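Working notes, structure below.
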Amino acid sequence: MCGIVGLFLKDKSLEPELGMMLSDMLVTMTDRGPDSAGIAIYGNDEKSSGKITIQSDNPDENFKNLDKEISTITGTPVSLKIKSTHAVLDVETSSIPAVRKALKEVRPSVRIMSAGDTIEIYKEVGLPKDVAARFDVSKMSGTHGIGHTRMATESAVTTMGAHPFSTGNDQCLVHNGSLSNHNSLRRKLRREGVHIETENDTEVGAAYLTYKMQQGSTLGEALESSLDDLDGFFTFLVGTKDGFGVVRDPIACKPAVMAETDQYVAFGSEYRALVNLPGIEEARVWEPEPATVYFWTH
Amino acid sequence: MQTFDLEAQGLRELNSTLHAQVKETNQTSWEVINPKGSHAIAVGLDAPIEVNIKGSTGYYCGGMNKQATINVLGSAGPGTAENMMSGKVVIDGDASQYAGATGHGGLLVIKGNASSRCGISMKGINIVVHGNIGHMSAFMAQSGNLVVCGDAGDALGDSCYEARLFVRGSVKSLGADCEEKEMRPEHLEILKELLAEADSDAKPEEFKRYGSARNLYNFDVDNAAAY
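If you read the protein sequences in the order shown, they are chains U and Y. So the first sequence is numbered by the numbering used here: it starts at 22 and just counts up by one. So the second sequence is numbered by the numbering used here: it starts at 11 and just counts up by one.
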């Protein structure tokens, strides 16, 4: 199974409530996948330049003085905001590669969840309500976000096996389904120099899309070509800095419902996830067609 | 009329209350409020009662229905009216995947569109869809009638047996061993009745009939090597 939710806001006045609406949607989907949960939020803080979300199983030790140490090595300003096992490093976007390198030197055990201008990813093993509470997701504001609750099939139940997966700046992917050609595709992508961290099928899907976009495809084109190159079952929800996209495999047995109003575009594995959204009674509600790419941008 | 608030009273309470209704019940009219996409609403009913669900439903609404009339005043999730035996289920909006799957009898009406695998393995149910249906509909359909006032998606009637498939619009592709068939007077008669019962003003003459070419399920000695 697995449950997916997504919310893309058109109405700026809803932005302070993004985290609250999205975590409520995700909690409703708990019985589709109780193993682990994660959420990606695209923030709307205009003062912030770039950010890297990191995770550690030993945050007290690993996050201590980390901002100062990285700042000294890179010679750029770095600030650190800790949230439970995760922390967000606020940095200049241009210094993200240098900060990643420095992080690997001073704290090799710290994992990078996401990097980019606005994206933050929080994911852990546990129920959606616990994960959302742990990271205070309901207080987060932003322009759009996606969430996932997992029932694991293709790899172990770990923090790194939880969704969303981010394989490029401000990009992330959540997935309901299972890919059957992920091992061969992982080998091909690694040969092309793509960094893939886990044995998880979805990460290969994410890395594939990132690779295609690095080769010059738009997100829409990358999603189109995934229909030819990925084998298996998938309903994908993909986030970028500007928006989100949806694609389902041609068999389309993994469920999906979408709703659109003047205020938002919402995605849910089931209609249940959408019922508390404002104006849902008047929204246009539909099931995305198989093998069809949908995309919304700001 | 009895009103049941699903959010306040819960699903088990709803279904066991509806199951307790017998043939001679005086409480023949029920209204369910706050369905909010819940699963398995009004499943396994077996009494001549009418249930109006005010909103959209999730998985398996009206499954295994006998005798009852169930109206969904919204859209329905996957597996609606799955394995229906008799009675009537009417969806005002759209229905998700495998609506009416394996149904043995009764009538399922979908006033919007139905998604993929509508009427998969149907065994005697009648299904009337006012809009379009998705791919792999009527896969292995054994008997009953599937009437589509709009268009049909890919692989209609793949590996079907003796179900009758009527489509007014286009068919994107026919599945294995499914072919267009002659429309005879008795088929027009069946269509006329079903369309009237389903509140559709489509004309029987506008439809084409499809069904099994009967090459796949009859043993043919020339194909012995394939078994």
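Glycine included, every Cβ here is placed at the ideal spot set by N, Cα and C. Just so it is clear, the structure is predicted and the values come from calculations on it, not from any experiment.
* Asked: DSSP state of Q77/Y, grouped into three classes?
  -> It is coil, neither helix nor strand.
* Rounded distance between the beta-carbons of K133/Y and G154/Y, thought under 8 Å -> In this structure, G154/Y and K133/Y form a Cβ contact; the two beta carbons are roughly 7 Å apart against a cut-off of 8 Å.
* Could you check what DSSP says for H184/U in three-state terms: helix, strand or coil? => Judged by DSSP in its simplified three-state form, H184/U adopts coil rather than helix or strand.
* Assuming G163/U and G266/U form a contact by the criterion Cβ under 8 Å, report the distance between their Cβ atoms to the nearest whole angstrom. => With a Cβ gap of about 17 Å, G163/U and G266/U do not count as contacting.
* **Per-residue DSSP class, three states only, for M95/Y** => Coil.
* To do: Give a yes or no on contact between the stretch 284-296 of chain U and the stretch 32-51 of chain U, applying the rule of three or more CB pairs nearer than 8 Å.
  => Yes, they touch.
* So with Cβ pairs under 8 Å, would you call K33/Y a contact of chain U? -> Under the Cβ criterion of 8 Å, K33/Y is not counted among the residues facing chain U.
* Along the chain, which unbroken stretches of the beta strand (DSSP E) at least 3 residues long are found entirely within the stretch 240-317 of chain U? -> Within the stretch 240-317 of chain U, the complete beta strand (DSSP E) runs of at least 3 residues are 253-260, 264-269, 278-281, 285-289, 305-307.
* Asked: Does DSSP put T13/Y in a helix, in a strand, or in coil?
  -> Strand.
* Taking DSSP as the reference, what is the three-state secondary structure of K104/U? -> Shown here, K104/U sits in a strand according to DSSP, grouped into three states.
* Asked: Any C-beta of chain U sitting closer than 8 Å to the C-beta of K191/Y?
  -> Cβ-Cβ to chain U under 8 Å: no for K191/Y.
* Asked: If we call anything under 8 Å between Cβ atoms a contact, is D182/U one with T219/U?
  -> Sequence check: residue 182/U is Gly here, not Asp. Judged by their CB atoms, G182/U and T219/U are nearer to each other than the 8 Å cut-off.
* How long is the line joining the alpha carbons of S105/U and V48/U, rounded to whole angstroms? -> Linking S105/U to V48/U through their CA atoms gives a straight-line distance of about 19 Å.
* Quick one: what does DSSP say M134/U is sitting in, helix, strand or coil? -> If DSSP states are grouped into helix, strand and coil, M134/U belongs with the strands.
* Under 8 Å by Cβ, that's how I've got V26/U and G289/U pegged, so tell me the actual separation to the nearest angstrom. => For V26/U against G289/U, the beta-carbon gap comes to about 5 Å, under 8 Å, which counts as contact.
* Mapping DSSP to helix, strand and coil, what is D52/U? -> Here D52/U carries a helix assignment [DSSP, helix/strand/coil].
* **Nearest to K46/Y (by Cα), restricted to the options A234/Y, V61/Y, T27/Y, L21/Y** => Closest option to K46/Y, Cα to Cα, is L21/Y.
* Asked: Residues in the stretch 138-156 of chain Y with C-beta within 9 Å of chain U's C-beta atoms, listed in sequence order?
  -> Of all residues in the stretch 138-156 of chain Y, those with a C-beta nearer than 9 Å to a C-beta of chain U are G144, H145, M146, reading in chain order.
* To do: Take the Cβ of K125/U as the centre, count every other Cβ of all protein chains shown within 10 Å, and call the residue buried at 16 or more, exposed below.
  => Under a 10 Å Cβ-count criterion, K125/U is classified as exposed, with fewer than 16 other Cβ atoms of the shown protein chains found around its own Cβ.
* Taking I60/U as part of the alpha helix (DSSP H), name the residues at either end of that continuous run. => Per DSSP, I60/U belongs to no alpha helix (DSSP H); it is in the beta strand (DSSP E), 57-63.
* Rounded separation between T310/U and A109/Y - CA only -> Before going further, note that residue 310/U is Glu rather than Thr in the sequence given. Take the alpha-carbon of E310/U and the one of A109/Y: they are about 16 Å apart.
* To do: Return the CA-CA distance between A58/U and T179/U, expressed in angstroms with no decimal places.
  => Going from the Cα of A58/U to the Cα of T179/U covers about 10 Å.
* In three-state terms, what does DSSP make of Q192/U? -> Q192/U sits in a strand when the DSSP states are folded into three classes.
* Residue(s) in a DSSP beta bridge with R178/Y -> Answer by DSSP bridge pairing: none, since R178/Y is not bridged.
* To do: Look at V138/Y and L226/Y and say whether their C-beta atoms are less than 8 Å apart.
  => No.
* Based on Cα-Cα distance, which residue from G122/Y, H145/Y, D168/Y, A173/Y lies nearest to C159/Y? -> Checked all of G122/Y, H145/Y, D168/Y, A173/Y; the closest Cα to C159/Y is G122/Y.
* Coarse secondary structure for N123/Y, derived from DSSP in three states -> Three-state result, N123/Y: coil.
* **Pick from N62/Y, V157/Y, A151/Y that is closest to V82/Y, judged by C-alpha positions** => In this structure, N62/Y is the residue among N62/Y, V157/Y, A151/Y with its C-alpha nearest to the C-alpha of V82/Y.
* Asked: Roughly how far, in whole angstroms, is the beta-carbon of R178/Y from the beta-carbon of F217/Y, given that I think they are within contact range, below 8 Å?
  -> Rounded, the Cβ-Cβ distance is 5 Å, consistent with contact.
* What residue does the beta strand (DSSP E) around K144/U start on, and which one ends it? -> It spans 140-146 - the beta strand (DSSP E) in which K144/U sits, taken as one unbroken run.
* **Neighbourhood of E113/U by C-beta, 8 Å cutoff - its chain only, sequence neighbours within 5 removed** => Closer than 8 Å at Cβ, skipping near neighbours: S70, G71, T97, P98.
* **Neighbouring residues, chain Y, relative to V306/U (Cβ below 7 Å)** => Near V306/U (Cβ distances below 7 Å), the residues of chain Y are S85.
* **Below-8 Å beta-carbon distance, R208/U vs any chain Y residue** => Cβ-Cβ to chain Y under 8 Å: no for R208/U.
* Tell me where the alpha helix (DSSP H) around T231/U begins and ends. => Under the DSSP assignment, T231/U falls in the alpha helix (DSSP H) whose first and last residues are 222-235.
* Asked: Thinking C-alpha only, which one of S205/U, S100/U, H169/U, D56/U is nearest N86/U?
  -> Checking every option, the nearest Cα to that of N86/U belongs to S100/U.
* Asked: Alpha carbon to alpha carbon, how far is T74/U from D249/U?
  -> A direct Cα-Cα distance of roughly 32 Å separates T74/U from D249/U.
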